[in-house]
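These notes are about the structure you will find just below.
Residue numbers (this note's numbering), protein chains in the order written: chain R, 17 to 184; chain V, 165 to 361.
Structural data, given as structure tokens:
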């Protein structure tokens with residue numbers, strides 16, 4: 017899943033996964049977020065970055081699956097913050113950006129499939145619970161998004177199938 | 165009966181469904197379409213989209229929901245250029261005539277989803293002696309993984325067991341022409357297990 021070029025190393029953060037990096041060459045990427053939400057965190061002083069790819073709003077009544085440690089907004093965010101702290105990031109310095117939570121299965125199904133909306137709400141709620149404010153967000157709509165976080169700069173970009181990358 | 169025990173049954177049903185869906189696609193496109201033996205997966209993997217170009221590939225396709233004795237999801241996805249080629253073949257135009265998913269193309273894609281998706285659903289209904297109704301298709305044009313992920317999330321939100329079937333269609337030139345994805349809702353796995361018992 018990892019491709020290496022001379023300058024940048026793109027690390028794909030798949031469904032329910034999270035990645036933490038302090039390597040300035042790394043670009044953490046969550047490809048094709050549909051109803052999923054990507055959470056990008058960056059500590060500009062410690063130069064630690066992390067990206068999580070959250071699938072569902074709540075772990076309540078659900079089986080935990082080690083293969084997807086960031087599957088749920090609640091346990092996923094807890095783990096994300098724990099990993100960031102272990103890598104030397106300080107919570108109060110974190111810049112948090114979120115994207116995703118769309119309804120991509122067609123306009124007629126947008127009312128029926130609410131996972132995207134529920135994900136967006138759950139994530140905001142859980143971050144707030146940890147005392148974290150979202151610095152910028154690109155949530156909802158009907159388009160899938162790819163989100164990438166550049167570890168060197170902490171810059172986060174979002175693109176869709178219809179629009180080129182723009183900074184979040 | 166564990167979900168894993170369902171896999172041989174689903175393999176058989178999915179093979180028949182994919183064969184019928186492939187015949188539907190062959191008929192529409194006026195050329196022989198080969199169908200790979202469907203994969204039955206418990207859970208999903210990011211490589212589910214490899215057949216249509218990988219993680220970030222943009223696809224055109226359609227989504228149908230299944231209602232009746234069991235409920236679930238059917239999605240037919242084509243890499244963008246293949247979808248536009250399908251439209252030209254269906255409409256008897258020279259390949260390359262359709263360059264973007266305009267209204268006419270979307271209508272053809274919708275019809276494609278209807279015929280191919282319904283063929284699969286009907287195979288499922290016949291084999292398992294169930295009453296199933298496919299919904300009208302919704303045309304999709306997005307990143308493949310965003311679509312697959314959203315179906316996965318929808319199913320997983322309702323329970324802990326996700327069974328997804330995917331089958332790859334290949335055209336005469338041996339290129340991946342399309343990807344069919346079918347996922348029953350978790351509540352329907354019980355009904356499938358009863359049928360299988």
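Yeah, the Cβ is synthetic: ideal placement off N, Cα and C, and Gly gets one too.
Using beta-carbon positions only, say whether residue i and residue j come within less than 8 Å of one another.
| i | j | result |
| --- | --- | --- |
| residue 44(R) | residue 167(R) | yes |
| residue 249(V) | residue 259(V) | yes |
| residue 353(V) | residue 312(V) | no |
| residue 65(R) | residue 165(R) | yes |
| residue 284(V) | residue 197(V) | no |
| residue 331(V) | residue 202(V) | yes |
| residue 325(V) | residue 236(V) | no |
| residue 51(R) | residue 117(R) | yes |
| residue 199(V) | residue 182(V) | yes |
| residue 210(R) | residue 110(R) | With chain R covering only 17 through 184, there is no way to say anything about residue 210(R). |
| residue 49(R) | residue 221(V) | no |
| residue 28(R) | residue 219(V) | yes |
| residue 253(V) | residue 194(V) | yes |
| residue 342(V) | residue 184(V) | no |
| residue 295(V) | residue 233(V) | yes |
| residue 162(V) | residue 322(V) | Nothing can be reported for residue 162(V): it is not among the residues displayed for chain V, which extend from 165 to 361. |
| residue 36(R) | residue 99(R) | yes |
| residue 224(V) | residue 304(V) | yes |
| residue 105(R) | residue 39(R) | no |
Compute the beta-carbon to beta-carbon distance between residue i and residue j, rounded to the nearest angstrom, for a pair I have assumed lies under 8 Å.
| i | j | result |
| --- | --- | --- |
| residue 228(V) | residue 281(V) | 4 Å |
| residue 31(R) | residue 114(R) | The pair is not a contact, with the Cβ atoms about 16 Å apart (cut-off 8 Å). |
| residue 273(V) | residue 226(V) | 6 Å |
| residue 74(R) | residue 119(R) | Between residue 119(R) and residue 74(R) the Cβ distance is about 18 Å, and since that is not below 8 Å, they are no contact. |
| residue 67(R) | residue 112(R) | Rounded, the Cβ-Cβ distance is 11 Å, inconsistent with contact. |
| residue 306(V) | residue 177(R) | 5 Å |
| residue 301(V) | residue 278(V) | 5 Å |
| residue 308(V) | residue 241(V) | 6 Å |
| residue 173(R) | residue 182(R) | 7 Å |
| residue 190(V) | residue 299(V) | At roughly 24 Å, the Cβ-Cβ gap does not stay under 8 Å, so residue 190(V) and residue 299(V) are not in contact. |
Could you check whether the Cβ of residue i sits closer than 8 Å to any Cβ belonging to chain R?
| i | result |
| --- | --- |
| residue 267(V) | no |
| residue 285(V) | no |
| residue 222(V) | yes |
| residue 275(V) | no |
| residue 219(V) | yes |
| residue 166(V) | no |
Looking at the C-beta of residue i, does it have a partner C-beta in chain V at a distance below 8 Å?
| i | result |
| --- | --- |
| residue 88(R) | no |
| residue 173(R) | no |
| residue 12(R) | With chain R covering 17 to 184 only, the question about residue 12(R) has no answer from this structure. |
| residue 28(R) | yes |
| residue 144(R) | no |
| residue 20(R) | Low local confidence applies: a pLDDT of 47 at residue 20(R) is under 50, so the model's placement there is unreliable, and no value is given. |
| residue 55(R) | no |
| residue 111(R) | no |
| residue 93(R) | no |
| residue 24(R) | no |
| residue 177(R) | yes |
| residue 114(R) | no |
| residue 35(R) | no |
| residue 31(R) | yes |
| residue 124(R) | yes |
Which residues of chain A have a Cβ atom closer than 8 Å to the Cβ of residue i, listed in chain order?
| i | result |
| --- | --- |
| residue 131(R) | The structure shown contains no chain A; the protein chains it does contain are R and V. |
Practice problem: Taking only beta carbons into account, state which residues of the stretch 301-316 of chain V come closer than 9 Å to chain R, listed in chain order. | Solution: Those residues of the stretch 301-316 of chain V that come within reach of chain R (Cβ to Cβ, closer than 9 Å) are 301, 302, 303, 304, 305, 306, 307, 308, 309, 310, 311, 312, 313, 314, 315, 316.
Quiz prompt | Against chain V: residues of the stretch 153-168 of chain R by CB proximity under 9 Å | solution = Under the 9 Å Cβ criterion, the stretch 153-168 of chain R contributes 158, 159, 160, 161, 162.
Quiz item: Between the stretch 39-50 of chain R and chain V, which residues of the former have a C-beta closer than 8 Å to a C-beta of the latter?
Solution: Taking a C-beta cut-off of 8 Å against chain V, the contacting residues of the stretch 39-50 of chain R are 47, 48, 49, 50, listed in chain order.
Practice problem: For the stretch 150-169 of chain R and the stretch 282-296 of chain V, state whether three or more C-beta atom pairs, one from each stretch, are separated by less than 8 Å. | Solution: Not touching, per the Cβ criterion.
Quiz item: Using 8 Å as the threshold, is the stretch 145-152 of chain R in touch with the stretch 166-174 of chain V, meaning 3 or more CB pairs across them?
Solution: Contact fails: fewer than three Cβ-Cβ distances are below 8 Å.
Quiz item: Is it a yes or a no for the stretch 90-108 of chain R touching the stretch 119-137 of chain R, going by three-plus beta-carbon pairs under 8 Å?
Solution: Output reads no: the stretch 119-137 of chain R does not touch the stretch 90-108 of chain R.
Quiz item: Residues in the stretch 320-347 of chain V with C-beta within 7 Å of chain R's C-beta atoms, listed in sequence order?
Solution: Within the stretch 320-347 of chain V, the residues whose Cβ lies closer than 7 Å to some Cβ of chain R are 320, 321, 324, listed in chain order.
Practice problem: Taking a Cβ distance cut-off of 7 Å, strictly less, list which residues of the stretch 57-78 of chain R are near chain V, in chain order. | Solution: Residues of the stretch 57-78 of chain R with a Cβ closer than 7 Å to any Cβ of chain V, in chain order: 71, 72, 78.
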